[in-house]
Structure formats: structure tokens, C-alpha cells
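In UniProt numbering, the protein residues as written are 1 to 486.
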Amino acid sequence: MTSPPRRLPRTTTTPPADLTALTAAELVAGYRSGAFTPVDATRDVLAAIEAYDRRVNAFVLVDAERALADAERSAQRYADGRPLGPGDGVPVSIKDMFLTEGWPTRRGTALIDPAGPWTEDAPPVARLREAGAVLLGKTTTPEFGWKGVTDSPTFGATGNPWHPYLTAGGSSGGAAAAVRLGLGPWSIGTDGGGSVRIPASFTGTVGLKPTYGLVPIYPPSPFGTLSHAGPITRTVADAAGLLDLIARPDPRDWSALPSPAGSYLDGLEDGVAGLRIAYSANLGHVENDPEVDRLVLAAVEVLAGQGAEVAEVDPGFDDPVAAFSVLWFAGAAKVVEGYGPAALDRIDPGLRRGVEYGSGLTAADYLDATAVRMRLGSELGRFHQRYDLLVTPTLPIPAFELGRDAPEGWPSDAWTSWTPYTYPFNLTQQPALSVPCGFTADGRPVGLQIVGPRHADALVLRAGRAYERATDWADQWPVVLESKGS
């Protein structure tokens with residue numbers, strides 16, 4: 001049911017032989033030592049984008065001139081001994097859902113006029129610019145980030161770095177594909193139902209949906225408080241470092257949380273010994289691909305081998321997909337409504353069906369769904385009094401064929417039908433991290449999801465780092481990198 005169109009290569013034997021193989025932390029260490037400069041790193045990344053992006057369609061906009069100007073200013077700061085901090089000179093891509101001064105924010109749709117003017121940065125973009133990061137460009141998203149794969153009538157489909165004939169997932173698929181190919185070590189995405197974690201699982205990257213409000217959002221998402229912003233990186237340490245920069249209040253977001261007291265890198269290496277971890281193989285109602293079951297169980301055994309107290313237990317809630325769909329598609333209907341009745345004929349047909357469903361909902365439907373959400377949040381809050389963390393598969397399946405909303409032969413085309421582990425934690429606003437936990441026999445990545453109680457982002461990252469440290473999945477590189485420029 002989920003078989004790809006052909007047998008897939010798995011990995012290269014060596015990483016790229018240039019600066020694109022380095023993490024953000026390694027780049028900054030090199031800048032500080034004088035081994036290389038931000039200009040060197042940016043040139044390597046831009047060359048890699050030129051060579052590989054045509055294979056996967058990760059970017060909708062690349063501004064090489066502006067990126068090199070950012071890099072030159074950063075290099076001068078390092079030469080003067082005045083770097084702005086741990087983000088100075090790090091190449092980063094921005095999902096095309098975030099406002100970015102000077103660049104169009106198209107949100108994956110033809111409904112938005114690229115002419116602008118584009119005079120404002122969204123909060124995470126503003127924090128990155130203040131930190132001296134090198135902004136490369138905007139990454140691909142489906143229209144308004146509405147679904148779990150990345151394709152749109154306007155910008156096409158984003159392929160998987162491990163095999164371009166497979167989907168990268170979505171809606172932050174462009175961001176994940178870019179990171180996994182070394183097209184910048186940092187990217188930021190949005191996650192309203194799994195949109196950071198889904199592509200992280202499919203591409204073998206690290207994706208964090210933080211506690212709601214930790215990373216401010218502006219303008220407000222039409223999907224309301226389901227929508228989070230978070231990092232996509234190759235390693236957990238890079239995710240923690242990026243979160244340090246973007247998890248800062250912004251006066252434009254009325255629901256933003258206060259700044260964290262310390263760094264998310266503090267205590268990151270403390271391990272999982274003594275933590276009470278609940279392992280749920282299927283949340284009590286999901287059927288997984290057998291290879292997903294095998295790989296996730298092996299990952300849980302790694303955590304137990306590091307001293308975690310692991311118990312196999314389901315959190316005990318029913319699938320909240322009906323409530324999630326009400327909240328999600330009410331938001332979709334509202335955003336498309338603003339472009340007039342003719343907009344329905346210009347958007348993704350699947351989005352149109354969702355908008356038509358959302359337009360028929362009532363205030364009572366919305367309040368009923370909100371009540372389900374509140375009950376679920378209370379249930380998970382009580383659950384985490386007994387268990388520090390919950391681990392599950394990130395997804396029940398590995399990546400499927402590009403250009404489809406669901407695997408061939410799947411019983412439903414709804415993206416929520418194959419993402420049952422992600423959207424519940426948007427409803428509850430808990431931090432949830434996807435880390436790579438291996439490959440299927442034919443070379444498709446699989447993700448392990450680590451969920452914590454609200455505000456336990458540091459603990460979630462710590463557990464992810466403990467698992468990552470005991471494995472080598474972050475060190476694997478797609479074979480596509482061996483065929484530069486093809």
C-alpha cells in the first residue's frame with residue numbers, strides 16, 4: 001500500500017566534502033576560530049542549492065545577492081571580534097508562510113500578489129535577522145499550509161531528498177528537504193497539525209513543534225491556536241540553538257509566552273536516566289506499517305538502555321480527528337473567503353473541498369470541537385503527572401509517491417487519515433519532537449515522536465538528544481548528493 005515506485009538507494013558513505021555538511025554549531029565554531037568565514041559557508045550553500053534544488057523543489061525564492069551581503073557583514077563582525085552571538089553567519093531558510101521584509105510571501109498560492117509591498121518581518125524572521133543569520137530564501141509550502149504534503153498548482157511538488165519520486169511531506173516540506181540536503185543547516189516552519197514533524201519524519205530530519213506561544217506568530221494564523229512555529233534542523237542541538245533565538249516574545253503576538261529563563265542547550269546532554277517514559281505503539285487505534293513498528297520499538301529500547309523507565313501504555317484518548325477537522329477547515333474557509341468567491345476556482349481542488357466543508361460549519365460546531373480539545377488537554381495533563389514523556393511513531397507510514405495527498409490505495413485522501421500521531425498534540429499545544437530513528441528496507445526514513453507536557457520543551461529536546469547521541473541517523477546523507485548537477 002505504501003510502496004514507492006522503485007527500489008530506493010539508502011545513503012552515501014560520506015557527507016558532502018564542503019561546508020554544507022556542518023551543523024550550525026560547527027559553522028559558528030569555525031567562524032570563531034578563523035578556519036573559514038560566513039562568506040565561505042554561504043557560497044558553498046548557494047552552490048549546493050544551484051546543484052540540487054532542481055531535484056526536489058525546496059525553494060520558491062533564493063536571493064543569492066542578499067545572502068552574500070548578509071554573510072559579508074557577518075564575516076566583518078567576526079574579523080572585528082564582535083559577532084552578535086551563536087546565530088551570526090548561519091545560513092537559514094524561511095518557510096514561505098512567514099512575512100519577510102523585501103521578499104514576497106506567497107503562501108503557496110496564486111491568490112497573493114507578489115508585488116507587495118513587503119515591509120515587515122514575522123517574529124521568528126525578525127529574531128534571526130537581529131541575530132545576524134544569513135537569510136537564503138523562502139521554502140516551498142502547499143497553499144496556506146493546508147495539508148500534510150507539499151505541492152500546489154502554483155509552485156509544484158517538493159520531492160524527498162532520499163528519492164525525488166517520493167513526497168517530502170508537508171506542509172514544511174521545502175524546509176525539511178533543504179535541511180536534509182545541506183542547503184542551510186537551519187530552517188523554520190509552521191506546524192498546525194504536524195507540518196514540521198511530518199516532513200521531518202519523511203526526510204530524516206529533526207523537527208520540533210514547541211509549546212504553543214513559545215515562538216510568537218504574526219500575523220495571526222487563520223488556523224488559530226492550532227498553529228505553532230518551530231525549527232527544522234539536522235541535529236537536536238541545532239534545533240535547541242535555533243529555538244533559543246526564535247523563542248522570544250514579540251509585542252505583535254498577544255498570546256506569546258515570556259522568554260525562557262535560560263538556554264535550551266543547558267542540560268541538553270543530561271540523558272534520560274530515571275525519566276518515566278510511556279511508549280504507545282499505536283495510541284490504541286492506529287495501524288502502522290510493520291517496518292515503522294520495528295524501528296520505533298528498537299528506538300524505545302535504546303532509550304530504555306540508557307536508563308529510562310519505559311512502560312508500554314496508551315494515553316487512552318479516542319481519535320480527535322473530527323474535532324480537529326472542524327477547527328482546521330473553519331480556518332481554511334476563513335482564509336480563502338478573503339479572496340472572494342472566484343478564489344475557489346483557482347486553488348488546490350482538495351483545499352476547495354475543505355473550504356466548502358468549513359463554510360458549512362456553525363458556531364456551535366466550533367464550540368463543540370473546542371470542548372473536545374479542552375477535554376483532551378486535561379486528559380493529557382493528568383497523563384503527564386504519571387509519565388514525564390510519551391513516545392510514539394511520528395507517522396504510521398514512510399514516505400509515499402510524489403504528487404498524491406495519500407498513498408495509492410489508501411482508504412481516504414484526507415491527509416489526517418495518515419497523520420494520527422501529530423494533530424492531537426496541536427489540539428493540546430504540547431511540545432512534540434520528531435527525530436530520525438532509521439530506514440525501511442528500501443531506504444525510506446522513519447521518525448520517532450517524543451511528546452512532553454506543556455512547557456517541557458527542554459525535556460523533550462534532552463530526550464531527543466539522548467537518543468540521537470546513541471545512534472548515527474543524523475550522520476546519514478542521501479545518495480542524490482553523489483550526482484551533483486544532474
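Glycine is no exception: its CB is placed at the ideal position from the N, C-alpha and C atoms.
As the structure is a computational prediction, the values presented were derived from the model and not from experiment.
For T203, the enclosing alpha helix (DSSP H) covers residues R197 to T203. Look at H285 here: in three-state DSSP terms it is coil, with no helix or strand label.
If you look at F383, you'll find it in the alpha helix (DSSP H) that goes A363 to R386. Here E287 is exposed. Its C-beta has fewer than 16 other C-beta atoms within 10 Å.
Assigned with DSSP and collapsed to three states, E401 falls in strand. Comparing alpha carbon positions, the residue from L257, A330 and R444 closest to D365 is A330. The Cβ atoms of P161 and G108 lie no closer than 8 Å to each other.
In the three-state DSSP reduction, D253 falls in the coil class, being neither helix nor strand. Your pair A299 and L448 checks out as a contact, with CB atoms roughly 5 Å apart and the cut at 8 Å.
With respect to the 8 Å criterion, A237 and L208 are not classified as neighbours on the basis of their beta carbons. When only Cα atoms are considered, L243 and P86 end up about 11 Å apart.
Restricting attention to S255, F59, E301 and D289, the CA atom closest to the CA of I277 is found in E301. Between P222 and K334 the beta-carbon gap is near 5 Å, inside 8 Å, which marks them as a contact. The shortest CA-to-CA distance from V355 to any of V326, E26 and P315 is the one to V326. When C-beta atoms of the segment 170-177 are compared with those of the segment 191-200, three or more pairs fall below 8 Å, so the two segments count as touching.
When the Cα atoms are used, Y218 and P249 turn out to be separated by approximately 11 Å. The beta carbons of T154 and T140 sit no closer together than 8 Å. Under DSSP, A322 forms no beta bridge with any residue. R382 sits exposed, since fewer than 16 C-beta atoms from the chains shown fall within 10 Å of its C-beta.
Cβ contact annotation for S74 (same chain, cutoff 7 Å, sequence separation greater than five): P38, D88, G89, G132 and V134, in chain order. About 7 Å separates the CB atoms of T394 and T422; that is less than 8 Å, so the two are in contact.
Cα atoms of V321 and V460: separation of roughly 24 Å, rounded to the nearest angstrom. V435 and G204 have their C-alpha atoms roughly 7 Å apart. In the three-state reduction of the DSSP assignment, S171 falls in the coil class. Inter-segment contact for the segment 399-416 and the segment 466-480 is absent: fewer than three beta-carbon pairs are separated by less than 8 Å. Taken in chain order, no unbroken stretch of alpha helix (DSSP H) lies wholly in the segment 140-165 with a span of 4 residues or more. Remark: C-beta atoms of D63 and G137 approach each other more closely than 8 Å.
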